[in-house]
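The structure appears below as structure tokens.
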Amino acid sequence: MPTFLIAYCGPAAVPDDVWLRWNTDPLLLAVLAALAFIVASGRSADTRAGWVALALMIVVFVSPLCALSSALFSARVTHHIILIAAVAPLLACAFPLSRAGYPPLVPVVTAHAVIVWLWHAPGPYAWALSTVPAYWLMQFTLLGSAWLMWRSILAPSMQTGAALMALGATIGQMGLLGALIVFAPVPLYVPHLGTTAAWGLTPLADQQLAGLLMWVLAMVPYLAAGLWIAWSSLRAREPAL
3 MPTFLIAYCG PAAVPDDVWL RWNTDPLLLA VLAALAFIVA SGRSADTRAG WVALALMIVV
63 FVSPLCALSS ALFSARVTHH IILIAAVAPL LACAFPLSRA GYPPLVPVVT AHAVIVWLWH
123 APGPYAWALS TVPAYWLMQF TLLGSAWLMW RSILAPSMQT GAALMALGAT IGQMGLLGAL
183 IVFAPVPLYV PHLGTTAAWG LTPLADQQLA GLLMWVLAMV PYLAAGLWIA WSSLRAREPA
243 L
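Each residue of the sequence shown is one higher than the one before, starting from 3 at the first, in the numbering used here.
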């Protein structure tokens, strides 16, 4: 089966060397250091959220997860889930940029869904991993669209019903995408064909695991956010004693 080098994260990690495969790209480390300086200097609206977002960005871009995602599509999907369902809302809390105004919620949610589906279609996905610029285009558009969506959902002026509907729509579209990946009869993601055997998986099994992660695991942050928003709304309506 055909394989090729993943442009940014490098050759597929194998069990014998995975814990040695840290990404030390100087430009990436400089960007993360700049973000750490901004958070440490108190320029974020929520310092704790900023630090946790930074830690998770180190996990997805610096830790061996980057090299593992060259070997397993399921690791790549895990990377994307962390990026859009954990890093993005934390950055939205740390950097809400409320003075910039909020675009209408429906177009933002729709645009994010289109971007998620686009980058998980086999053709665009393969192209995104073939060159470094394409790789970072995928990362920036996934994170940027997710940040815009979470920023609107978590805005103080956002109505509870609208926020819950946006979260429900996102859970639904990601669940549908995950189900399509799970039930695909053949492996679809060419970059990972032939690289899964070292991990005891067939390409199809790896793809099915990725679909299950997107179908089930990915909904947890959105459900948690929905419960928190609903609970906060109910508490706000309680009469003062």
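Ideal Cβ positions, reconstructed from N, Cα and C, are used throughout, including at glycine.
- A distance below 6 Å between beta-carbons, with the five flanking residues on each side excluded, links Y104 to the following residues of its chain, in chain order: S154, A157.
- Checking the DSSP bridge columns, you'll see G174 has no partner listed.
- Between the segment 54-71 and the segment 11-29 there are three or more C-beta pairs closer than 8 Å, enough to call the two in contact.
- Taking 8 Å as the cut-off, the beta carbon of H122 is found closer than this to the beta carbon of L179.
- Runs of the alpha helix (DSSP H) lying entirely within the segment 49-81 and spanning at least 4 residues, in chain order: 49-63, 67-73.
- Each of A36, L37, Y10 was checked against the Cα of W24, and the nearest Cα belongs to Y10.
- When DSSP assignments are scanned along the segment 144-211, no uninterrupted stretch of beta strand (DSSP E) that is 3 or more residues long falls wholly within it.
- If you look at A42, you'll find it in the alpha helix (DSSP H) that goes 28-42.
- Note that the C-beta distance between T49 and V61 is not below 8 Å.
- With at least 16 other beta carbons inside 10 angstroms of its own, T197 counts as buried.
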